[in-house]
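Protein chains in written order, with my numbering: chain V, 1 to 258; chain F, 259 to 624.
Shown next, in the form of structure tokens:
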């Protein structure tokens, strides 16, 4: 079976869903169900143990067949992310941690230096570390070396809907990586998710595109279909794009006939 | 008199925003609203972060002509003692509030730094996120507040027109225009993670003030690249003391400002308080505003003992309960978010240390 392997965990779905930005928890849960996602991320700052109505963790943990991947969104340093990871593991029982460190809360770009440091510490402690990073092939290899379960390069800025603007860098990351590469952030449409999968991504993570759609559950389903179509195409082997046109005056006549 | 900094008057910085705010702008309000709405939805989703203010004290040492708590007003003065603060917090928590803004007047002996620090400490034990709107402090004082769990400082310039500023701030420490202007930078230098800026709309030419506000924010953003930023659009409300604003801002101009700022600053938190009407706030949800206050009281305390008849700093316009307000948000297809912070992220930011720069500096050779 073609499954996604993250640490000792195996998933048949290659669509990971984010749970913020929805108009309410009910719609979010419907979208999660419709997506068929088996791995779902939730920000630790949206765990609310004091007020059930405001809490995203409780209702998500009640869905069967879902593995939760808490994330450290809101942390601006490695130390904060490590603290958050410990709390998240205690509350959720999940070994997964999506390390998300964005020191600038406006553009939310991940800090490569702090992310590397947090990932190194957490991987050593036995977490399944999923770092959210800029599409930097060297950083991706450094994170693989310290034992991350995957790398999650951004397609474009969070909430920008600009698709896989970093495609050229992501191609290098995929080519060189020994761990799954998951495109995270920036995807606006199912066709973009399919494109990322055709490139050879292990999975994609989508949030805004589903959360703010007119009909989030239907959009979640559309993404699921696109992800599985893209994966199938990758496995089947895409036709090569034709290269440059054949020159009318041949370039290799000097070689003589073979 | 210290001169104005160059960044404050750099018109190139605000050319695009100025075009949107101008009364003869070629962009219709409807077109701005549509663009603002699309940006907000993409970046912030269908959510609204909620907070509530708690007035700790109404002692004040300044003579702001427009303020209900100015030191020459005959208002009854008092401050909340630690036990009272705990009672207020408990009452607020019952309403679901977990993100709180603590307020005081300008620095006085009755409500000084130690009092504020202690109050922050108490609030941080109960609440998920604590911000402060009080008197300007020193870098080390801000650092101490961040250490106690304060993550945000709100400090309005009120007006960026120096002449108007000096006329309105009749006496007291707030009279120094440049000192006030430099306060948010000191807060960030001290490790406070986010600053809230704003002008009190009505005091001076609103478009001029809005453009200066934008320049202030961009200046801080470039200098303190980790800083969280939020902007508020408080319009003068009927004040205790009866001040009449000479530059009233109507609903349309305020809307134009909110949309213009959202388009110019797609990632910045924009705040609208209960100074505005229920209709206006409901209409603005989803169009650009991402953070709102609820259940506000502008009296000292007021959550535990709800029958108090004393006068607040100004009159609240949207006096709906949290429940009513959230129902209206949900009807608008927007999720009210009470907790959007994690206390494990508290503590001074590394902004002030400029950690990277220091570590890269050449060490003396031995």
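Just so it is clear, CB atoms sit at the ideal spot from N, CA and C, and this is done for glycine as well.
Check, Outcome
"State the start and end residues of the unbroken alpha helix (DSSP H) segment that holds residue 68 of chain V.", "Not the alpha helix (DSSP H): residue 68 of chain V falls in the beta strand (DSSP E), residues 67 to 71."
"Have a look at the DSSP bridge pairing and note the partners of residue 184 of chain V.", "V:154 and V:205"
"Is the beta carbon of residue 276 of chain F closer than 9 Å to that of residue 478 of chain F?", "no"
"Which term fits residue 591 of chain F, buried or exposed, when burial requires 16 or more other beta carbons within 10 angstroms of its beta carbon?", "exposed"
"With 9 Å as the threshold, decide whether the Cβ of residue 484 of chain F is near any Cβ in chain V.", "yes"
"Three or more C-beta pairs closer than 8 Å, one from the region 375 to 388 of chain F and one from the region 342 to 353 of chain F: is that the case here?", "yes"
"Please list, in chain order, the chain F residues whose beta carbon lies closer than 9 Å to that of residue 103 of chain V.", "483, 484, 607, 608 and 609"
"Against chain V, which members of the region 287 to 301 of chain F pass a CB distance test of less than 7 Å?", "299, 300 and 301"
"For residue 564 of chain F, is the classification buried or exposed, using 16 other Cβ atoms within 10 angstroms of its Cβ as the cut-off for buried?", "exposed"
"Name the residues in the region 578 to 596 of chain F whose C-beta lies less than 8 Å from a C-beta of chain V; which are they?", "588, 591, 592, 593, 594, 595 and 596"
"Opposite residue 387 of chain F in the DSSP bridges: which residues?", "F:357"
"Which residues in chain F have a C-beta closer than 7 Å to the C-beta of residue 107 of chain V? List them in chain order.", "525"
"Roughly how many angstroms separate the alpha carbons of residue 19 of chain V and residue 324 of chain F, rounded to a whole number?", "44 Å"
"Would you report the Cα separation of residue 507 of chain F and residue 461 of chain F, rounded to the nearest angstrom?", "10 Å"
"Just to confirm the assignment, what range does the alpha helix (DSSP H) spanning residue 239 of chain V have?", "It is not in any alpha helix (DSSP H) - residue 239 of chain V carries neither H nor E in the DSSP assignment."
"Let me confirm a value: residue 216 of chain V is counted as buried when at least 16 other C-beta atoms fall within 10 Å, else exposed. Which label applies?", "buried"
"Kindly say whether residue 6 of chain V, judged by its beta-carbon, lies nearer than 9 Å to any beta-carbon of chain F.", "no"
"Counting contacts by CB-CB distance shorter than 9 Å, is residue 487 of chain F in contact with chain V?", "yes"
"Would you say residue 212 of chain V reaches chain F, if we count a Cβ-Cβ gap shorter than 9 Å as a contact?", "yes"
"Just how far apart, CA to CA, sit residue 199 of chain V and residue 43 of chain V?", "28 Å"
"Against chain V, with Cβ distances strictly below 9 Å, would residue 309 of chain F count as a contact?", "no"
"Using the three-state DSSP reduction, which class does residue 88 of chain V fall into: helix, strand or coil?", "helix"
"Does residue 54 of chain V have its Cβ less than 9 Å from a Cβ in chain A?", "No chain A is part of this structure, whose protein chains are labelled V and F."
"Please decide whether residue 10 of chain V counts as near chain F, where near means a Cβ-Cβ distance under 9 Å.", "no"
"Pull up the CB-CB distance for residue 316 of chain F and residue 344 of chain F, whole angstroms please, since I reckon it's below 8 Å.", "Going by Cβ atoms, the distance from residue 316 of chain F to residue 344 of chain F rounds to 19 Å, so no, they are not a contact pair."
"Give a yes or no on contact between the region 282 to 298 of chain F and the region 480 to 493 of chain F, applying the rule of three or more CB pairs nearer than 8 Å.", "no"
"Can you grab the Cα-Cα spacing for the pair residue 204 of chain V / residue 193 of chain V, in whole Å?", "7 Å"
"My output table needs one value for residue 378 of chain F: the three-state DSSP class, helix, strand or coil.", "helix"
"For chain V, is any of its Cβ atoms less than 9 Å away from the one on residue 623 of chain F?", "The predicted model places residue 623 of chain F with a pLDDT of 43, which falls under 50 and marks its position as unreliable; any figure quoted below should be read in that light. Not closer than 9 Å to any Cβ of chain V, the Cβ of residue 623 of chain F fails to qualify, so no."
"Evaluate contact between the region 46 to 66 of chain V and the region 247 to 257 of chain V, counting only Cβ atoms and requiring at least three cross-stretch pairs below 8 Å.", "no"
"So with Cβ pairs under 9 Å, would you call residue 22 of chain V a contact of chain F?", "yes"
"For the candidate residues F:532, F:527 and F:545, whose alpha-carbon lies nearest to that of residue 105 of chain V?", "F:527"
"Count the CB pairs spanning the region 518 to 526 of chain F and the region 267 to 275 of chain F that are closer than 8 Å, and state whether there are at least three.", "yes"
"Would you kindly work out how many angstroms separate the C-alpha atoms of residue 569 of chain F and residue 127 of chain V, rounded to a whole number?", "55 Å"
"What is the rounded straight-line gap between the Cα of residue 595 of chain F and the Cα of residue 311 of chain F?", "16 Å"
"Suppose contacts are defined by Cβ-Cβ distances below 9 Å. Is residue 597 of chain F in contact with residue 48 of chain V by that definition?", "yes"
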